[in-house]
Amino acid sequence: MTSIHEPTPEFERYLEWQVTAAVRRQNRFAHPSASGFRTRVRAMAVVVASISLGAGVVMASGRLQQDQQSQVLTVQQQGELQLAETQLTLAQKNLDDTKRLTELHLVPSDDMATAQRNVQTATITIQRIRLNIEEVRMSGHPVQDDVTAPLVNGRDFVLERLELDKSIAAAAATEAEKRLQAMQSRYDVGLVSQMAVSDARTALVRCTSDMKTIDEKIALRRRFISGGLSPTDATRQRLLIAAQNELRSAEAALELATQRFAEIDRLKQAAAAGELDALKAQIEVLSRRQDVQRLRERLTALQKGGPLPQSGR
Amino acid sequence: MRSAPAEQRIPDVYRQTIGPLYAYVARRCGGDRALAEDVVQETWLRAVDVWPRKGLPDTPAAWLTSVAHNLLVSHYRRQTPLRLSSITSDAVLAVVDNGFNTESVDIERLIHWALAQLPEPQSKLLEAFHLDERSVERIAAQFQMSERAVEGRLRRARLKLRKIIKRAVTNYGDR
């Protein structure tokens, strides 16, 4: 049965006929002098129509279309690969520059951690795109990244991608940890405010939460592939994991916003901050609180067993 | 546009792009196959009108997608959100918060209608994330902005979408 996201063969053939006929008609009436070309177009239209009409050829046509779709997808992925390779070159160059500047003490040492992370992320992104190209070539379909996606010729591309995502998240967490240590040291000698430390701590909470989420998704994928979970249960679990991650990040953001508001309020009393800054900080707190409340409600609904999705990441 | 003999290449382009184009449109039609077919057909009729005169675009798939997107936006903007008697605003907003995942065709259509009411940059961002399932990282690269900026804009766009939906359900339904 045709999926709702695929055209029916009848529609596809009908539109093909319509397109070919429109091209032929335009050619016939708009350019009467181009007789040689017209003949070729007409001949091509006849060939196309014959191909479309031949019952036996319908299957071959379908296979051909799948091959062509695969080629189109591969070309798209190769475009992404080129972009990612350029980003890697840029990240590498930036790392070299940062290394040089750090040796000359012209930039803080934690800039190195960011530059290193960028190189690592770009490298893993390239690996991820190569995996996508391989999957498209093997399956002839777009990449499927859901935890309930089937294996492709026995190979688990979803799990392989999740492992790569975990490496990216681990690199980000390492960088966030180094930044927090650096901020703490600077705070201890009075170079930065407490807020800078809180900012760095929130970033670390976020990275750690992302890693935990990926670990849970990996475990979920393994359970699904081993047959321990139905697609419906796996989807519900995936949504739960995502909602829990969002909630952890939102709670950290709320805590940070609350601290920032308290700090601005303190500065306001010392006339070092204005009314507008205080209002902005207060709005930020209220907005974050709403986020947390909404996410808690969503989590509760999912735990109770709310409506299930049709698709998703 | 290049001045290549477009007539010869149009049937090939058709066969290469019909699948991805249809999938792109169908994801935005809330299960309405007739609408998806109309939009795809109209898109292609426009292509065969323009391409033989102006030549094939450099990326025909992007041209087709762009025309289809505009047709869908025009379609949804002309519609009033119908059949809302069975939908509560809470149910729709829960779907918006839940990554647009729903089994309800009515809710899906209402969301597509609401997306069409948003300014284009916001609707494109939400569509890229929720309908085309692109990661924040990829969107950031595509729109040349930081991941934090994408997250912020997504958040604001979602809030705006919620407001539009809430207003629509209050005016036309939620009874």
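Protein chains in written order, with this note's numbering: chain A, 2 to 314; chain B, 12 to 186.
Beta carbons are placed, not taken as given, at the ideal position from N, Cα and C, and that holds for glycine.
Burial state of A:Asn133, where buried means 16 or more other Cβ atoms lie within 10 Å: Around the Cβ of A:Asn133, a 10 Å sphere holds 16 or more other Cβ atoms; the residue is buried.
Is the separation between the beta-carbon of B:Val84 and that of B:Ala37 shorter than 7 Å? No, these two residues do not count as a Cβ contact at 7 Å.
If you compare alpha carbons, which of A:Asp200, A:Ala235, A:Thr99 and A:Glu86 is closest to A:Thr149? The shortest Cα separation from A:Thr149 among A:Asp200, A:Ala235, A:Thr99 and A:Glu86 belongs to A:Ala235.
Residues of chain A with a CB under 9 Å from the CB of B:Trp74: which are they? Within chain A, no C-beta atom comes less than 9 Å from the C-beta of B:Trp74; the nearest is roughly 14 Å away.
Per the DSSP calculation, B:Val106 is bridged to which residue(s)? Residue pairing from DSSP leaves B:Val106 without any beta-bridge partner.
Return helix, strand or coil for A:Val153, following the three-state DSSP convention. A:Val153 sits in a strand when the DSSP states are folded into three classes.
Of the residues that make up the stretch 44 to 66 of chain B, which ones have a beta carbon closer than 9 Å to any beta carbon in chain A? Hits within the stretch, in order: Arg44, Ala47, Glu48, Val51, Gln52, Trp55, Leu56, Ala58, Val59, Asp60, Trp62, Pro63 and Arg64.
Counting only the same chain and skipping the five closest in sequence on each side, list residues whose C-beta sits under 7 Å from that of A:Ser288. Excluding positions up to five away in sequence, the list is empty.
Nonlocal neighbours in the same chain, by C-beta distance under 6 Å from B:Val24, ignoring five residues either side: Cβ within range, chain order: Pro71.
Helix, strand or coil for A:Gly306 per DSSP? If DSSP states are grouped into helix, strand and coil, A:Gly306 belongs with coil.
Taking the CB atoms as reference points, tell me whether B:Glu144 and B:Ala151 lie closer together than 7 Å. Contact: no.
Complete runs of the alpha helix (DSSP H) confined to the stretch 155 to 228 of chain A [at least 4 residues]: Those alpha helix (DSSP H) runs which fall completely within the stretch 155 to 228 of chain A and span 4+ residues are 158 to 189 and 195 to 226.
Which residue from B:Arg120, B:Glu18, B:Arg166 and B:Thr76 puts its Cα closest to that of A:Glu285? Distance from the Cα of A:Glu285 is smallest, within the candidate group B:Arg120, B:Glu18, B:Arg166 and B:Thr76, for B:Arg166.
Would you please state the rounded distance, in angstroms, between the beta carbons of B:Leu75 and B:Leu129? I believe it to be under 8 Å. Distance from B:Leu75 to B:Leu129 at the Cβ level is roughly 22 Å; contact not present, criterion being Cβ atoms closer than 8 Å.
Smallest Cα separation from A:Arg162: which of A:Ile219, A:Arg138, A:Asn95 and A:Lys213? When only C-alpha atoms are compared, the closest one is A:Ile219.
What does the alpha-carbon distance come out to for the pair B:Ile29 and B:Asp49? Cα-Cα distance, rounded: 13 Å.
Stretch-stretch touch, CB-based, cutoff 8 Å, three pairs: the stretch 158 to 178 of chain A with the stretch 210 to 230 of chain A: Yes, they touch.
CB B:Glu53 to CB B:Leu82, shorter than 7 Å? Against a cut-off of 7 Å, the Cβ pair of B:Leu82 and B:Glu53 comes out as a contact.
Any heavy atom of the ligand GDP inside 6 Å of the beta-carbon of B:Asn81? Inclusion of the ligand GDP in the displayed structure is not the case, the ligand content being empty and no account of it being possible.
By Cβ distance, which residues of its chain are closer than 7 Å to B:Arg57, with the 5 residues on each side in sequence left out? Val78.
Where does A:Gly179 land, buried or exposed, given buried means 16+ other C-beta within 10 angstroms? In the sequence under discussion, the amino acid at residue 179 of chain A is Lys, which differs from the Gly named in the question. It counts as buried.
Quick one: Cα of A:Glu176 to Cα of A:Thr115, how far? Between A:Glu176 and A:Thr115, the C-alpha separation is close to 6 Å.
Please list, in chain order, all residues of the same chain as A:Thr124 whose beta carbon is under 7 Å from its beta carbon, the five residues on each side excluded. Result list for A:Thr124: Leu89, in chain order.
Check whether the Cβ atoms of A:Arg299 and A:Ala254 sit closer than 7 Å, and answer yes or no. Contact flag unset, no.
Please return the same chain residues whose Cβ sits closer than 8 Å to the Cβ of A:Lys100, not counting the five positions on each side in sequence. The residues Met113 and Ala116, in chain order, have a CB closer than 8 Å to that of A:Lys100 in the same chain once the five nearest residues on each side in sequence are set aside.
Helix, strand or coil for A:Ala22, going by three-state DSSP, please let me know. In the structure shown, A:Ala22 sits in a helix (DSSP, three-state: H, G or I).
Do the stretch 72 to 81 of chain A and the stretch 136 to 144 of chain A meet, that is, are 3 or more Cβ pairs less than 8 Å apart? Output reads yes: the stretch 136 to 144 of chain A touches the stretch 72 to 81 of chain A.
Where the alpha helix (DSSP H) containing B:His123 begins and where it ends: Element bounds for B:His123: Val116 to Gln128.
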